[in-house]
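S.K.: Heads up: the sequence shown at position 240 corresponds to 240 in UniProt numbering, and the numbers run straight through without jumps. Quick reminder that beta carbons are idealized off the backbone N, C-alpha and C, glycines included. If you're wondering where the values come from, they're calculated on a predicted model, not measured in any experiment. Have a look at this one before I ask anything.
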Amino acid sequence: MPETVTHQHLLRAMDALMDHAERVEMELAKQIRPLVDRDLAVVFYDLTTVRIHGEGRLEEDLRAFGMNKETGGIARQFVLGAVQTAEGLPLMHTVHPGNVAETKTLQAMLATVLARFPVERVILVADRGLLSLDNIDALADQGGRKLEFILAVPARRYGELSDTFRGLSFDAEGLAETAFAGHRLIVAQDPLRAAEQSARRRARIAELEALAEKMVRKLDAQDDGLTDRGRRASDRGAFSRFTRAVAEEELTRFLKADYSADRFSWSLDEEAIAEAELFDGKLALITNAPELSPADTVARYKALADIERGFRVLKSDIEIAPVHHRLPDRIRAHALICFLALVLYRVVRMRLKAKGHAASPAPPSIFWRASIATRHGSPTEISRASPHRAPNNWTFSTPSTCQSRPEIQPVVTFWPSSL
1 MPETVTHQHL LRAMDALMDH AERVEMELAK QIRPLVDRDL AVVFYDLTTV RIHGEGRLEE
61 DLRAFGMNKE TGGIARQFVL GAVQTAEGLP LMHTVHPGNV AETKTLQAML ATVLARFPVE
121 RVILVADRGL LSLDNIDALA DQGGRKLEFI LAVPARRYGE LSDTFRGLSF DAEGLAETAF
181 AGHRLIVAQD PLRAAEQSAR RRARIAELEA LAEKMVRKLD AQDDGLTDRG RRASDRGAFS
241 RFTRAVAEEE LTRFLKADYS ADRFSWSLDE EAIAEAELFD GKLALITNAP ELSPADTVAR
301 YKALADIERG FRVLKSDIEI APVHHRLPDR IRAHALICFL ALVLYRVVRM RLKAKGHAAS
361 PAPPSIFWRA SIATRHGSPT EISRASPHRA PNNWTFSTPS TCQSRPEIQP VVTFWPSSL
């Protein structure tokens, strides 16, 4: 091991990691396997987007423009998938191009999970973006083992559920069950949230109607010969302004204007509003797990939020983004290093919880961020030393180069051997 680690050393280390990535992941699975219930494993799967910088294009480039989940806009990125247990332990990760269709990632991930973790029964929990009717049919038989799922119905499919929702009878806990696409449909409702959503929608519609009425009054005044300061209004201009405002508020289903009419006018679709209010405050889940009660099904799905917390750890404490690598294998190596750091973070969290500690672990630190030289320029010297105190016989020194570069920080923290 050299006394100092350069930018090139880090890149070569990433290349070496990718040469053995499959073995590393198999060994990781072997270490995790004893923590997974062999009779029943509930696995959670979700995807996130990771921003990436750089120009140019390569063959089989992972850097692609797609809808970014953080900003809601189009960004160059890659897609990271994560699978974890009900206890919050990450099992594996996947890397996809930034414009991949989420529904196409599900089956390959499941095949890998079932190969690495030989459990008798699996319940997959995934968010609504991963659901398609084709997925559901294909999920029924994976590897000859019983595979069950809990998937959220996408909002775009709610229109197919209008008649079903109208006929639902909810119990005291706000839960109802029926059938959809040949599977169990569990619907949970929150009356308070429904009232809030309906009130917000009505308020936004009222603001747009007030805008339309103001423009109509101005147009009528002009027709009566009354002038006002500013540009002269026109029916076509009023139409353009109104339709643009409605589109920005995403309320085109409810407010419509007739461009073919000679005079500006608009209409409100009360039936569309009533149908939208039918779905307010409701969560629709589809499952083929026969033994789960509606309450257990909803509880399992809500536990999916923990994987989102894992993504936040990746993006905040571990700082997986933005990525400045160009080559696909370097991007995969970067994702693997960050995933290993997340595994360490979660293992420490589990051990702290088992020992009765309420505190969360500090940001995860035996691994150094392999791409740090790329993110912060190319310093001639990057230390493998940690400025933090290490347990037992670990000793380090920090060169002056790193002392003058406060942005160079470790990714994984040292933990006492007693944990």
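Where does H96 sit, in a helix, a strand or coil, going by DSSP?
M.R.: Strand at H96.
S.K.: Find the nearest neighbour of L285 within the set A276, E277, L278 and A295, judged by alpha-carbon distance.
M.R.: Comparing Cα-Cα distances from L285 to each of A276, E277, L278 and A295, the minimum goes to A295.
S.K.: Below 8 angstroms, how does it come out for the stretch 13 to 21 and the stretch 93 to 106: are there three or more Cβ pairs, yes or no?
M.R.: These segments do not touch.
S.K.: Hey, would you say V125 sits closer than 8 angstroms to L114, going by beta carbons?
M.R.: No, Cβ-Cβ distance for V125 and L114 is not below 8 angstroms.
S.K.: Label K282 either buried or exposed according to how many other C-beta atoms from any shown protein chain fall within 10 Å of its C-beta, with 16 as the threshold for buried.
M.R.: Buried, since its Cβ has 16 or more Cβ neighbours within 10 Å.
S.K.: Taking the beta carbon of M92 as the centre, do at least 16 other beta carbons fall within 10 Å, making it buried, or is it exposed?
M.R.: So M92 ends up on the buried side.
S.K.: Where does I205 fall in DSSP's three states?
M.R.: Reduced to three states, the DSSP call for I205 is helix.
S.K.: Does any CB atom of chain D fall closer than 8 angstroms to the CB of F117?
M.R.: Considering every chain present, this structure includes no chain D. It has just one protein chain.
S.K.: Ordered along the chain, which non-local residues of its own chain (more than five positions away) have a Cβ less than 6 angstroms from that of G73?
M.R.: Nothing meets the Cβ criterion.
S.K.: Please state the DSSP three-state secondary structure of K256.
M.R.: Here K256 sits in strand by DSSP.
S.K.: In whole angstroms, what is the alpha-carbon distance linking L11 and R63?
M.R.: About 19 angstroms.
S.K.: At the level of alpha carbons, what is the spacing between H183 and Q107?
M.R.: Answer to the nearest angstrom: the Cα atoms are 19 angstroms apart.
S.K.: Can you tell me whether E148 is helix, strand or coil according to DSSP?
M.R.: Three-state DSSP puts E148 in a strand.
S.K.: Pick out whichever of R38, P34, T4 and V42 has its Cα sitting closest to the Cα of Y301.
M.R.: Residue V42 is the option with its Cα nearest to Y301.
S.K.: By alpha-carbon positions, which one of L161, V347 and E250 ends up nearest to L278?
M.R.: Of the listed residues, the one whose Cα sits closest to L278 is L161.
S.K.: Classify D262: buried if its beta carbon has 16 or more other beta carbons within 10 angstroms, exposed otherwise.
M.R.: D262 comes out exposed.
S.K.: So what does DSSP say about G225, is it helix, strand or coil?
M.R.: Coil at G225, not helix or strand.
S.K.: Going along the chain, which unbroken runs of the alpha helix (DSSP H) with 4 or more residues stay wholly within the stretch 262 to 322?
M.R.: You should have 270 to 279, 294 to 302 and 305 to 315.
S.K.: Could you give the first and the last residue of the continuous beta strand (DSSP E) run that contains residue 427?
M.R.: No answer is possible for residue 427: the residues shown for the chain start at 1 and end at 419.
S.K.: What ranges does the beta strand (DSSP E) occupy inside the stretch 167 to 191, keeping only unbroken runs of at least 3 residues that lie completely in it?
M.R.: You should have 175 to 180 and 183 to 189.
S.K.: Where does L10 fall in DSSP's three states?
M.R.: Three-state DSSP puts L10 in a helix.
S.K.: Taking contact to mean at least 3 C-beta pairs separated by less than 8 angstroms, is the stretch 335 to 344 in contact with the stretch 306 to 315?
M.R.: Touching, yes, given that three or more Cβ pairs across the two stretches are closer than 8 angstroms.
S.K.: Cα separation between A195 and Q189?
M.R.: Each residue's Cα considered, the two are about 11 angstroms apart.
S.K.: Is the stretch 245 to 253 in contact with the stretch 203 to 210, if contact means three or more CB pairs nearer than 8 angstroms?
M.R.: Contact between the stretch 245 to 253 and the stretch 203 to 210 is present, because at least three Cβ pairs lie under 8 angstroms.
S.K.: In whole angstroms, what is the alpha-carbon distance linking F117 and A257?
M.R.: Going by the C-alpha atoms only, they are around 57 angstroms apart.
S.K.: If you draw a straight line from the C-alpha of D46 to the C-alpha of E308, how long is it?
M.R.: Going by the C-alpha atoms only, they are around 8 angstroms apart.
S.K.: In angstroms, rounded to a whole number, what distance separates the CA positions of H9 and H334?
M.R.: H9 and H334: Cα-Cα distance of roughly 14 angstroms.
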